[in-house]
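Residue numbers (my numbering), protein chains in the order written: chain A, 8 to 139; chain B, 143 to 490. Every residue gets a Cβ at the ideal spot worked out from N, C-alpha and C, and that includes glycine. Report on the following structure.
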Amino acid sequence: MKKEEIPQDDGALGRIAKEVTYVVGADGKYETAQSTGWDVKTDALNVAWGEVNSKIEAARQKVLNGEASPLLYFMEKKIMDLSILSAYTGYWKWTIKKHMKPSVFSKLSEEKLKKYAELFEVGVDELKKPFG
Amino acid sequence: MDSINQSTVANGFHHLQAAHCENGVTTALLKHYGVHKLTEPMAFGIGSGLFYIQLPFMKVNGGPAISFRTMPGLIFKRTCKALGIPVTRKKYVSPQKAMQELDERLIAGKPTACQVGVFYLTYFPKEYRFHFNAHNLIVVDKQGDDYIISDPIMETLVTMNSYELQRVRFAKGAFAPRGQMYYPGDHLNEATDEQIRNGIISGIKRNCRDMLMIPGSFGGAKGIAYTGRNIKKWKDKLGDDKARGYLAQLVRMQEEIGTGGGGFRFIYGAFLQQAHAYLPMDELLQISQQITTTGDKWRDAAIQASGIYKGRLGTQADYDNMGDRLIEISQLETKAFKQLKEAIKKAK
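Laid out in structure tokens, this is it:
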């Protein structure tokens with residue numbers, strides 16, 4: 008890539024830190040320059056977030072319909088899966104699956120709720136009632 | 143975002159921004175402890191950082207598992223080994239102990255590298271915070287409850303409090319860092335030209351091996367063609383939606399911070415140029431140009447892929463075009479590394 012070809016598009020990272028890029032200067036020698044972002048990358052990232060958001064929305068519907076506890080919603084919101092959630096909480100995956108049933112969730116101890124709430128970066132109240 | 147003025151760091155550490163985190167950590171840390179000759183591309187080349195693999199039967203975030211780099215930690219390890227530098231790397235079960243031992247080093251004025259997860263990395267933009275656990279940064283100093291962090295992706299020093307730092311050091315999921323910290327010996331001698339020359343030769347030899355000799359069809363330069371052939375089947379096999387997601391994932395793995403496909407080629411091109419100063423063989427400059435060309439072709443392929451995942455393109459011919467681009471890159475990189483392998487045999 009030549010120096011004048013460095014993309015300078017708007018990017019989420021570029022707003023915080025411009026990225027170092029290795030480019031070929033006019034004399035044919037490599038040098039470094041900065042890039043604010045590249046639409047091709049931003050679009051790829053947006054596709055990934057689109058997939059995440061549709062999972063979050065599906066989970067939200069399930070919670071609203073009473074088919075799952077809010078844990079499912081927050082798990083998707085934090086881009087986690089059962090393995091990651093299990094690793095963070097120390098609960099077995101099947102325990103977490105049980106906690107995702109509304110009937111079991113409503114009986115969870117304050118201590119367990121707090122553990123989940125901290126992980127999901129919300130208060131216990133919001134954990135119990137995520138949609139107000 | 144908190145940004146710290148460079149002059150506030152008592153132990154004289156100098157922040158260095160880099161294209162890739164592990165290169166940056168390696169270069170900045172070794173500089174601090176006495177090795178000034180190393181640049182980011184040199185660390186990348188001596189550490190044989192360039193790679194390609196698509197792991198079959200494995201999925202990451204529901205998409206193809208593709209990597210453009212060697213295993214995390216190897217660039218630092220190999221570079222230090224080549225320069226005769228002792229390395230300490232520690233993992234912890236107890237977060238308290240992990241923080242305490244880090245604190246002890248900081249009190250002694252010794253900046254220390256940590257492997258962390260980016261999901262809870264407070265100063266990163268939210269858009270980039272996935273559960274990626276092989277990020278590297280240097281903890282430079284501690285002031286009150288705040289740690290001064292030199293993250294090679296950032297332009298300046300940043301801070302995290304003890305709770306935040308502990309959380310990213312004990313991120314969970316694939317490649318969980320388990321509190322890992324690492325550092326070289328304290329007072330290092332400047333690397334000799336001879337050491338760097340030998341490091342360049344062994345680094346190139348190892349990278350040729352990784353790109354040319356990995357058994358199976360999915361690793362090294364030929365692995366790029368494996369992905370290319372796969373892509374041609376994605377539309378039929380997965381349907382448009384999923385195929386688009388797969389291509390977006392390929393580009394993310396290729397161009398994202400901490401990975402960089404096109405970007406890695408350019409760093410390697412820069413390495414071969416800089417290596418020429420220690421190992422004056424014209425082949426290095428010619429092959430540097432070839433690698434630059436493949437880097438450009440990786441970028442062009444990313445543009446083609448984006449046409450598909452943006453929905454502007456989408457016919458089978460468009461997927462075939464994308465697949466053929468990777469097959470061509472595979473051939474060009476195979477050729478470049480074969481020439482490099484022959485050339486480096488002559489080096490003494």
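Fill in: Bridge partner(s) assigned by DSSP for B:CYS256
B:LEU279 and B:MET323
Discussion item. With a threshold of 8 Å on Cβ separation, who are the neighbours of B:ILE343 within its own chain once the five nearest residues in sequence on each side are excluded?
Written reply: LEU421, ILE486 and ALA489
Discussion item. Is the separation between the beta-carbon of A:GLU83 and that of A:ALA66 shorter than 9 Å?
Written reply: yes
Worksheet item: Which residues of chain B have a Cβ atom closer than 8 Å to the Cβ of A:GLN29, listed in chain order?
Response: A small correction: the amino acid at residue 29 of chain A is Tyr; Gln does not occupy that position in the sequence shown. Those are ALA161, PRO183, GLY405, PHE408, ILE409, GLY411 and ALA412, listed as they occur along chain B.
Discussion item. 9 Å is my cut-off, CB to CB: does A:ARG22 come that close to chain B?
Written reply: yes
Worksheet item: Would B:GLU475 count as contacting chain A if we go by Cβ distances under 9 Å?
Response: no
Fill in: Cβ pair B:MET323, B:ARG309 closer than 9 Å
no
Worksheet entry | For B:LYS480 and B:GLY154, the rounded distance between their alpha carbons | 44 Å
Practice prompt. Would you check if there are 3 or more beta carbon pairs closer than 8 Å linking the region 271-288 of chain B to the region 249-262 of chain B?
Written response: yes
Worksheet item: Any idea what DSSP makes of B:GLU297, helix, strand or coil?
Response: coil
Worksheet item: List, in order along the chain, the chain A residues whose C-beta lies closer than 8 Å to that of B:ASP438?
Response: MET8
Discussion item. Below 9 Å on C-beta distance, what does A:VAL129 contact in chain B?
Written reply: Within chain B, no residue comes near A:VAL129; the closest Cβ sits about 14 Å away, beyond 9 Å.
Fill in: Residue from A:HIS106, A:SER90, A:SER61 and A:SER93 with nearest C-alpha to A:GLU74
A:HIS106
Discussion item. I'd like to know if A:LEU79 contacts chain B, where contact means its C-beta is closer than 9 Å to some C-beta of that chain.
Written reply: no
Worksheet item: Cα separation between A:GLU125 and B:LEU299?
Response: 27 Å
Discussion item. Whole angstroms are fine: how far does the CA of B:MET296 sit from the CA of B:MET302?
Written reply: 14 Å
Practice prompt. Could you tell me whether any Cβ in chain B is nearer than 9 Å to the Cβ of A:HIS46?
Written response: A quick correction: the sequence has Asp, not His, at residue 46 of chain A. Judged by the 9 Å Cβ criterion, A:ASP46 is in contact with chain B.
Fill in: B:LEU354 - DSSP class collapsed to helix/strand/coil
helix
Item to complete: For B:ALA160, I'd like the list of residues in its chain whose CB is within less than 7 Å of its CB, leaving aside the five on either flank, ordered along the chain.
Response: GLY166, THR169, GLU182 and PRO294
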